[in-house]
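Engineer:
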Amino acid sequence: LTDVVLPASVVDIGEQAFAWSWRLSSINVPSGVASLGQGAFMFCSSLSNVSLGKGTYAIPDDAFSSCRSLPTITIPEGVTSIGSSAFSGCSSLTSATLPTGLESIGGSAFHGCGDLASIAIPDGTTSIGSNAFKECSSLSSVSLPASLESVGSGAFQSCTALASIALPGNVTSIGTSAFEYCSSLAVVTLPDSLVSVGWYAFRYCGALSSIAVPDGVTDLGDYAFYNCYSLASVYLSASLVNVGHYAFYRCYSLSSIVVPDNVTSIGNNAFEYCSSLGSVTLSAGLTSIGVRAFRSCSALSSIAIPDGVTSLGDYTFEYCTSLSTAVLSASLVSIGTGTFIRCYDLESIIIPDSVVSIGAYAFEYCSSLASATLSASLASIGYKSFRSCGSLSSIDIPDTVTAIGSSAFESCSSLSSASLP
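Letter by letter, the sequence shown follows residues 407 to 827 in our numbering.
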């Protein structure tokens, strides 16, 4: 079966009617067709010419899926929806013209259309489904309509040629992995209408140099800007409540960050390996800083922990090798395991009287630490907590301390005076 001529009297084409017709090269769907079945032409791998009549049908799920030879498609006026995987795997598709009445684009609709270079989504379209343009590796130009409200999960994931995107003013959410692995994406404009940025939304967008998160955004998803290694400038929403786990992990170029006052929590590893991060201003409303949140921020020279923070997570500032000054929260109760381990430039520390425990390795290898004032309420000093603090010359351990861990002050080579309870 290589050629099919459908008479004008045809009004319905059933499910998978011509599916797997590998030799079929051309099809003309008459204008009278009101119903096109799911998968009608799927896996027609030689299909290179499709003419769709101006019927009122939708393009159903899998309609032309894996038609690998199809170079262009024009969706006629009257079509309001494109189904899931309708053109997925059409690897030769270079041009797709969408009708003005289109309302929705289904999940994976154009997934894997590797030759598709541009797409103009017409006004009236309100949603782009999950993975709709995923792995369209040649897609360099995307025009989005003012009517758009949501960008689905993975919608433009791995569109490696996409250099810029401007989200229109009605978009309220960006789905998980929406622009993940868009390695050429250098410019992103987010609208004031935006409320949420999903997990992995811009992960591995290595060309992205700046981002302004609008003031309506309350939650920044986990891994949102993970490994955006060119990201040098970040403005965070004034309404932001949470900075997700790994949100800015390995953003090597980020030099400063101001965490707005509404933020109550910074997730685990949120700024880990931000090696250029020299200035951090923390939210006055902050109550929680996650494990390894600022680990290996090697340019960070000072930090002031707000008074709402009651505990410091494990290894929070490990390998902050330039950190010379740390002012701790007046309400701090505990210092976690390895919180300041290997902060080689830290010269002094005053542990507030609210602190009852210092975790294992908390200040280990702080080789410049010459002065440590311990909390008057301190009950326990953890294992190796001050080990190899070679500049520490004296320590006054308060009477409240009931437990000192093994090797707590081992290799403190300058320690000449210790007051024990």
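Even glycine gets a Cβ: it sits at the ideal position worked out from N, Cα and C.
1) Quick check on DSSP: helix, strand or coil for Asp418?
2) On the CB-based measure, 16 or more other CB atoms within 10 Å of its CB, does Pro466 come out buried or exposed?
3) With a 10 Å radius around its C-beta and 16 neighbouring C-beta atoms as the bar for buried, classify Pro712 as buried or exposed.
4) Let me confirm a value: Trp426 is counted as buried when at least 16 other C-beta atoms fall within 10 Å, else exposed. Which label applies?
5) When DSSP labels each residue in this structure, what does Val686 get in the three-state scheme?
6) With a threshold of 8 angstroms on Cβ separation, who are the neighbours of Gly788 within its own chain once the five nearest residues in sequence on each side are excluded?
7) State the Cα-Cα distance for the pair Gly498 and Thr478, rounded to the nearest angstrom.
8) When the Cα of Arg701 is compared with those of Phe677, Ile695 and Phe449, which residue comes out closest?
9) Where does Leu718 fall in DSSP's three states?
10) For the beta strand (DSSP E) that contains Asn434, what are its first and last residues?
11) Less than 8 angstroms between the beta carbons of Thr578 and Ser564, yes or no?
12) Counting C-beta neighbours from all protein chains within 10 Å, is the total for Ile481 16 or more, i.e. buried, or is it exposed?
13) Given a cut-off of 8 angstroms, decide if Ala567 and Ser543 are closer than it, judged by their beta-carbon atoms.
14) For Thr670, write down the residues that DSSP places opposite it in a beta bridge.
15) When DSSP labels each residue in this structure, what does Val807 get in the three-state scheme?
16) List the endpoints of the continuous beta strand (DSSP E) containing Ile395.
17) Per the DSSP calculation, Thr731 is bridged to which residue(s)?
Structural biologist: Concretely, from the data shown:
1) The answer is strand: DSSP assigns Asp418 an E or B state.
2) Answer is buried; the Cβ neighbour count reaches 16.
3) With 16 or more other Cβ atoms within 10 Å, it is buried.
4) By the 10 Å Cβ count, Trp426 comes out exposed.
5) strand
6) Thr743, Ser763, Ile764, Gly765, Ala766, Tyr767, Ala768, Gly811 and Ala814
7) Going by the sequence as given, residue 498 is Ser instead of Gly. Between the C-alpha atoms of Ser498 and Thr478 there is a straight-line separation of about 8 angstroms.
8) Taking only the C-alpha atoms, the option nearest Arg701 is Phe677.
9) strand
10) Ser432 to Val435
11) no
12) Ile481 is buried by the Cβ-count criterion.
13) yes
14) Here Thr670 is not bridged, per DSSP, to any residue.
15) coil
16) Residue numbering for the chain in the displayed model covers 407 to 827; residue 395 lies beyond these limits and cannot be assessed.
17) Ser708
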